[in-house]
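**Q**
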Amino acid sequence: MRKKIICLIIARGGSKSLPNKNIIKINNIPLIAYSILQAKQIKSIQRIIVSTDSEKIMKISKNYGAEILFKRPKKISGDLSTDFEVFEHAIKWLIKNENYKPDYIVDLRAPEPIRSIKKINQAINIILRKQNADSLRSMNDSKSSPKNMFQIKNGKYKNIINNKSPLILNNLVNSKNKKYFWQNGYIDIIKTDTILKKKSMCGTKIIPFITKEKTYTIDYKDDLEKISKILKPYKKLLI
Numbered sequence: 252m253r254k255k256i257i258c259l260i261i262a263r264g265g266s267k268s269l270p271n272k273n274i275i276k277i278n279n280i281p282l283i284a285y286s287i288l289q290a291k292q293i294k295s296i297q298r299i300i301v302s303t304d305s306e307k308i309m310k311i312s313k314n315y316g317a318e319i320l321f322k323r324p325k326k327i328s329g330d331l332s333t334d335f336e337v338f339e340h341a342i343k344w345l346i347k348n349e350n351y352k353p354d355y356i357v358d359l360r361a362p363e364p365i366r367s368i369k370k371i372n373q374a375i376n377i378i379l380r381k382q383n384a385d386s387l388r389s390m391n392d393s394k395s396s397p398k399n400m401f402q403i404k405n406g407k408y409k410n411i412i413n414n415k416s417p418l419i420l421n422n423l424v425n426s427k428n429k430k431y432f433w434q435n436g437y438i439d440i441i442k443t444d445t446i447l448k449k450k451s452m453c454g455t456k457i458i459p460f461i462t463k464e465k466t467y468t469i470d471y472k473d474d475l476e477k478i479s480k481i482l483k484p485y486k487k488l489l490i
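Quick note: the sequence shown uses our numbering, first residue 252, plus one each step.
Right, dumping it as structure tokens:
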């Protein structure tokens with residue numbers, strides 16, 4: 252039986268670092284439209300739904316072919332709102348109002364507009380083959396080790412992983428065989444039951460999906476010029 256796969260794109264109207272970020276035009280295309288247009292090219296994605304609290308984002312998303320089923324409630328649209336709250340709300344809305352329950356949800360984040368259609372298809376095919384998995388999360392390898400990452404707590408300088416001081420850590424032997432990875436937001440795929448039953452966005456059985464391509468996230472105004480140059484080859488494809 253064919254699995255029900257939807258793409259859920261979440262986009263708040265508010266953004267402190269870059270106002271109206273999700274609808275800023277890059278090469279004359281609103282930022283959120285890149286994720287929508289990419290999803291439209293994936294045959295296995297049956298529905299593209301945008302969850303937002305913004306009337307402007309709703310209108311633009313609909314114009315580019317996404318479904319706008321509801322306006323996201325204010326209580327899950329704040330700075331501290333979690334992805335889990337937003338995804339759970341969308342799934343429960345679909346079940347309650349349409350008696351429709353997807354099997355998998357593809358998460359294409361609007362601030363990461365550069366993706367390969369081939370890679371999206373590849374990620375979906377992988378998780379469909381491994382149906383016992385709770386989720387698939389994209390990542391790339393990191394040149395930095397958690398050993399070199401610190402934070403200041405109560406005026407003291409501590410490693411974020413094991414709470415050790417720099418002096419102790421500097422005496423530890425580095426392992427050249429160990430690799431570390433960062434989650435990069437390129438694509439995530441979550442089994443619906445992972446959200447509804449395990450109350451998690453990833454679960455415990457997570458497929459690592461390595462993307463060797465460099466990823467780009469738009470957070471600040473300075474990111475726009477750099478991203479616009481990179482996105483020029485995509486423009487003809489997406490129009």
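Cβ atoms here follow ideal geometry from the backbone N, Cα and C, with glycine treated the same way. Please read these numbers as outputs of a predicted model, since none were measured by experiment.
So if DSSP puts Cys258 in a beta bridge, which residue, or which two residues, is it bridged to?
**A** Answer by DSSP bridge pairing, in chain order: Ile299 and Val357.
**Q** Is it right to say Asp439 is buried, meaning 16 or more other beta carbons lie within 10 angstroms of its own, or is it exposed?
**A** Buried, by the Cβ-count rule.
**Q** From the DSSP output, read off the bridge partner residues of Glu318.
**A** BP columns for Glu318 point to Ile300.
**Q** Indicate the three-state DSSP secondary structure (helix, strand or coil) for Gln289 in the structure shown.
**A** DSSP places Gln289 in helix when its eight states are reduced to three.
**Q** Run through the DSSP bridge pairs and tell me what Gln373 is partnered with.
**A** Gln373 is not bridged to any residue.
**Q** Touching or not, the segment 371-385 and the segment 271-287, by the rule of three or more beta carbon pairs under 8 Å?
**A** Too few Cβ pairs lie closer than 8 Å, so no.
**Q** Taking the alpha helix (DSSP H) that Leu447 falls in, what are its first and last residues?
**A** Leu447 -> alpha helix (DSSP H) spans Thr443 to Leu447.
**Q** Is it buried or exposed for Asn273, if we count other Cβ within 10 angstroms and need 16 for buried?
**A** With 16 or more Cβ atoms within 10 Å of its Cβ, Asn273 is classed as buried.
**Q** Name the two residues that bound the continuous beta strand (DSSP E) containing Asp392.
**A** Its beta strand (DSSP E) spans residues Ser386 to Ser393.
**Q** With three or more beta-carbon pairs closer than 8 Å as the criterion, would you say the segment 299-319 touches the segment 381-390?
**A** Short answer: they don't touch.
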